[in-house]
Every structure is written in C-alpha cells, then in structure tokens.
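Peer 1: Each number in the working numbering comes from the position in the sequence shown (counting from 1) with 12 added on.
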Amino acid sequence: MEKKLCESETYDETQLENIDVSPETKEAKPKKSYSCDLCEETFKSKSQLIQHKSIHRGANLYDCEICGKTFSHSSLLSMHVRIHTGERPYHCTICGKTFAVSSAFSRHKRIHTGVKPHHCNICGKAFSESRNLSIHIRIHTGEKPHHCDVCGKSFSQSGHLSNHIRIHTGEKPYRCNVCGKAFTESSSLSSHRRLHTGEKPYHPTIIVNLTISLQKETNDIETDDIDIGEEK
C-alpha cells in the first residue's frame with residue numbers, strides 16, 4: 013500500500029519506516045542506518061549493530077568496542093585498536109620513527125639497510141616494497157587503472173590522478189608561505205620556493221645535458237645553438 017507524504021513523492025509502508033519528517037521544515041529526510049557487514053541486516057543505532065554482531069560469535073569474530081568494526085582474528089583487532097589509541101609500539105633504533113604495525117616497521121627498515129627484495133622480472137629493477145614494483149610494472153604493460161570521471165584520461169598511479177583532477181576543480185592546496193602563491197602540486201611549490209631562497213640544487217651542466225637530450229628526441233633545435241654560459 014502506498015501513502016503520499018507530499019505532493020512530489022510517494023512511499024510505500026516499508027520506506028516510510030526509514031523516513032524522518034522534520035517538524036520545522038516538514039521535509040522527508042532518510043534516517044541514518046547501520047548495516048551488518050556479515051548478514052546485511054540494518055539497525056537504527058550503532059549500539060544495536062554492535063549488540064547484534066554477538067550472534068555471529070560462533071564464527072570467532074572480534075568487535076571493536078569503539079567503532080564496531082569486526083575482525084576474524086584477535087591480532088587484527090589489536091592492530092586496529094591502535095588507530096583509536098594512537099599506540100605505536102614499534103620503534104626504529106636508527107631514526108626514532110615509530111609504527112603501529114610490524115609490517116610497516118619492516119618496510120621502513122629497508123630504507124636504512126638498502127634491501128630491495130622485490131625485482132621486476134622484465135628489466136631487473138629492484139624495489140623495497142611490493143606496491144612500488146606493481147606500479148613500476150605498469151611502465152612495461154602500459155596499464156593505467158586510474159581513470160578521470162570528468163575527461164576520461166587514465167593514469168598508472170592514483171597520485172597522478174589526484175593531481176590531474178585539480179585541473180578540473182581548480183583546487184590549489186599547496187601555498188607559498190612567503191608570497192601566498194598557490195599550486196596544484198607540491199613539486200611546483202618546491203620549485204617556486206627557490207625563487208625566494210636563491211637555492212640552485214641543479215648544476216647548469218646537468219640542466220643543459222638534459223635539455224640537449226630532450227631536444228635531440230624532438231628535433232626542435234640544433235645542439236650547437238645552446239649556450240651553456242658560466243655559473244655565477
């Protein structure tokens with residue numbers, strides 16, 4: 013049976029149970045619900061959801077008392093709780109950095125040891141983390157799994173997509189604390205700051221060699237036309 017709540021929308025009795033009509037505005041607003049990720053049953057409050065999950069105890073599940081998230085092993089719950097408590101029990105004795113989980117600590121230690129156990133089976137390049145190897149392999153395969161919903165352009169890395177999206181949104185989150193100029197990418201801000209500091213991290217010869225290499229590829233100009241000059 014359908015009931016008319018307002019002139020523009022019609023709801024059945026099941027939908028009306030999840031509708032909240034504000035007395036001030038008389039507008040229909042959907043109530044917030046909490047769904048069980050194990051059986052998809054929904055509840056009106058988080059406390060009801062946490063209480064409900066106790067019926068799944070036979071599967072040896074562990075609930076976070078803070079947010080209600082469920083884990084299959086107590087060790088996973090222990091690691092998760094550190095998100096709430098801020099506990100970081102793993103300490104690097106070399107640089108002092110701390111970590112919440114041992115796997116992140118193990119990956120960090122490779123920065124100091126130089127160990128790179130993940131190798132590309134195409135070109136042999138080695139990486140300290142498997143995720144970096146996965147990204148690298150896309151150079152060989154041409155895979156670009158990250159797509160822009162606005163223009164359809166594809167990217168091999170999610171970070172590159174995030175930077176690209178700012179072209180559409182106009183967002184410039186990186187701002188110079190000296191002159192206030194804003195940029196879409198952190199690398200552009202770093203380059204800009206050198207205008208204020210006078211820093212010259214790249215030797216002119218290196219820049220010229222790179223320029224020559226790029227110009228040879230594009231055949232834009234002859235290399236003899238380049239004036240290296242002297243460093244001042």
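The beta carbon of each residue, even a glycine, is placed where N, CA and C say it ideally should be. Predicted model, so just to flag it, every value in this text is computed and none were measured.
Is the Cβ-Cβ distance between Ser-140 and Arg-119 less than 8 Å?
Peer 2: For Ser-140 and Arg-119, yes; Cβs fall inside 8 Å.
Peer 1: Less than 8 Å between C-beta atoms, sequence neighbours within five positions excluded: which residues of the same chain meet that for Ser-142?
Peer 2: His-130
Peer 1: Could you tell me if Lys-65 is buried or exposed, where buried requires 16 or more neighbouring beta carbons within 10 angstroms of its beta carbon?
Peer 2: buried
Peer 1: Which same chain residues, not among the five before or five after Ile-151, have their C-beta less than 7 Å away from its C-beta?
Peer 2: none
Peer 1: With distances taken Cα to Cα, identify the nearest neighbour of Ser-115 among Gly-108, Arg-100, Gly-126, Ala-194.
Peer 2: Nearest C-alpha to Ser-115: Arg-100.
Peer 1: Just to confirm, are Tyr-46 and Leu-61 a CB contact at a threshold of 8 Å?
Peer 2: yes
Peer 1: Can you tell me which of Gly-80, Cys-104, His-103, Thr-105 puts its alpha carbon nearest to the alpha carbon of Val-93?
Peer 2: Checking every option, the nearest Cα to that of Val-93 belongs to Gly-80.
Peer 1: Could you round the C-beta distance between Ser-198 and Tyr-186 to whole angstroms and report it? I think they count as a contact, below 8 Å.
Peer 2: Sure, about 5 Å apart at Cβ, within 8 Å.
Peer 1: In whole angstroms, what is the alpha-carbon distance linking Glu-77 and Asp-161?
Peer 2: 38 Å
Peer 1: Spatial neighbours of Asn-133 within its chain, please: CB distance less than 8 Å, with the 5 preceding and 5 following residues excluded, ordered by chain position.
Peer 2: Once the five neighbours on either side are set aside, Asn-133 has no close Cβ partner at all.
Peer 1: If distances are taken between C-alpha atoms only, which option among Thr-125, Val-127, Gly-126, Ser-90 comes closest to Val-113?
Peer 2: Ser-90
Peer 1: Buried or exposed: where does Thr-196 fall if 16 or more other Cβ atoms within 10 Å of its Cβ makes it buried?
Peer 2: Classification for Thr-196: buried.
Peer 1: Is there a C-beta anywhere in chain B that falls below 8 Å from the one on Lys-193?
Peer 2: Chain labels in this structure do not include chain B; a single protein chain is all it has.
Peer 1: Which parts of the segment 114-182 are runs of the alpha helix (DSSP H), unbroken and 4 residues or longer, counting only runs that do not cross its ends?
Peer 2: 114-125, 142-153, 170-181
Peer 1: Less than 8 Å between the CB atoms is what I'm expecting for His-124 and Ile-106, so what's the real figure, rounded?
Peer 2: 5 Å
Peer 1: If you check the beta carbons only, do Ser-146 and His-158 fall under 8 Å apart?
Peer 2: no
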